[in-house]
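Scroll down for the structure; my scribbles are underneath it.
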Amino acid sequence: MVSKRKSSRTGPSALKLLVMLSAGLTLCALLCLLSYILIKGVPHLTPSLFAWEYNTGNVSLLPSLLNTVIITIIPLAVSVPLGVCSAIYLCEYAKPGSQVVALIRIANETLAGIPSIVYGLFGLLLFVTYLGWGYSILAGSMTLSLMILPLIMRTAEEALLTVPAGFREASLALGAGKLRTILRIVLPSAVPGIFSGVVLGIGRIAGETAALIYTAGTVPRLAAKLSASGRTLAIHLYTLSSEGLYTNEAYATAVVLVVIVLALNALSARIAKRFVKG
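What follows is the structure, encoded as structure tokens:
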């Protein structure tokens, strides 16, 4: 009996220790990575890096930064409504156990695992060549919309599934319609989960290079219109590091990119908390 009690206590303790060790190693790796980028990049953050016009003397990142903002807003504006509406259909309107629903989910999971360079080649064939948009911000944005749509759809579906069924039943029992219940009860409760998908989508867009090289191009200037070519901050970083002439500026660009991603994550988390409190 004593040995059984010891083994029953040892199991959870060992599991807890393993979990804490894994979390510590992950946090340590993250801190080491951030420290390395900050140490190498912060000393090279000069005003010339934020000049309005790019040239070989200042290798300004400001045009690429503005292009990144544009090429982040457009895919989110396209993918978030489509993904959330698709998730609402799967969770609220589709018949449970339907073969069509199972097929949609399998297709969604498959699309989520496709490498980004495949999306880039698809965008090159469809948007750049077939539709004649050329290397442009619009072609890159539409390609990224297809890329993050499975992610948004999956996270929104999981968020809707976590809403207790009692919320829906109570709302319907009080006389609210199906659509009103979804808009006023279900969606507000699922907002934090949906926002987590949006944050992941923003992170993937901000760090994407392969798909955008084939669709948006690598022109180092601010795109005056959606049909113009322009590079994002990640492509700017890749170009500087691959040329080997502007290594210090590449590290400084990495610092700016990391700060932007962290700021967007913090902002999204704060908005989600406000929805929960409301």
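One gets the numbering used here by counting positions in the sequence shown from 1 and adding 60 to each. The beta carbon of each residue, even a glycine, is placed where N, CA and C say it ideally should be.
Counting of Cβ neighbours within 10 angstroms places Arg240 among the exposed residues, the total staying below 16. One alpha carbon belongs to Gly267, the other to Ala294, and they sit about 5 angstroms apart. Counting every other CB atom within 10 Å of its CB across the protein chains shown gives Ile174 a total below 16, marking it as exposed. The alpha-carbon of Ala219 is positioned some 10 angstroms away from that of Ile148. Contact holds between the region 282-293 and the region 123-130, because three or more Cβ pairs, one in each stretch, are under 8 angstroms apart. Less than 8 angstroms divides the Cβ of Thr203 from the Cβ of Gly180. In the three-state reduction of the DSSP assignment, Ser301 falls in the helix class. As summarised for the region 234-318, the continuous alpha helix (DSSP H) elements at least 4 residues long and confined to that stretch are 238-241, 247-266, 270-273 and 293-303, given in chain order. Between the region 107-120 and the region 323-333, the count of Cβ pairs shorter than 8 angstroms is below three; the stretches do not touch. If you look at Asn168, you'll find it in the alpha helix (DSSP H) that goes Gln159 to Ala172. Apart from sequence neighbours up to five positions away, the residues of its chain that approach Ala111 with a beta-carbon distance below 8 angstroms are Asn118, Ser120 and Leu122, ordered along the chain.
By the Cβ neighbour-count rule, Tyr195 is buried, with 16 or more other Cβ atoms within 10 Å of its own. The residues Ile131, Ile134 and Pro135, in chain order, have a CB closer than 7 angstroms to that of Ser201 in the same chain once the five nearest residues on each side in sequence are set aside. Taking the Cα of Val321 as reference, the smallest distance to any Cα among Ile265, Gly277, Leu272 and His296 is reached at Ile265.
Taking C-alpha positions only, Ala172 is separated from Met207 by approximately 7 angstroms. Contact check for Ile197 and Ala288: beta-carbon distance about 6 angstroms, within the 8 angstroms limit, so the pair qualifies. Per DSSP, reduced to three states, the secondary structure at Pro103 is helical.
Burial of Pro280 is indicated by the presence of at least 16 other C-beta atoms within 10 angstroms of its C-beta.
A residue is called buried once 16 or more other Cβ atoms fall within 10 Å of its Cβ, and Glu309 is buried on that count.
Looking at Leu317, Leu305, Ile273 and Lys238, the one whose alpha-carbon comes closest to that of Gly263 is Leu317.
Inclusion of Phe227 and Val251 in the CB contact set at 8 angstroms is not warranted, their separation being larger than that value. In the three-state scheme derived from DSSP, where H, G and I count as helix and E and B as strand, Thr116 is classed as coil.
Remark: C-beta atoms of Leu142 and Thr275 do not approach each other more closely than 8 angstroms. Across the structure, Gly237 and Val161 are spaced so that their CA atoms are roughly 24 angstroms apart. Looking at Leu81, Val319, Leu163 and Leu324, the one whose alpha-carbon comes closest to that of Val102 is Val319.
The C-beta distance from Ala312 to His104 rounds to 4 angstroms, short enough to fall under 8 angstroms. In the three-state reduction of the DSSP assignment, Val223 falls in the coil class, being assigned neither a helical nor a strand state.
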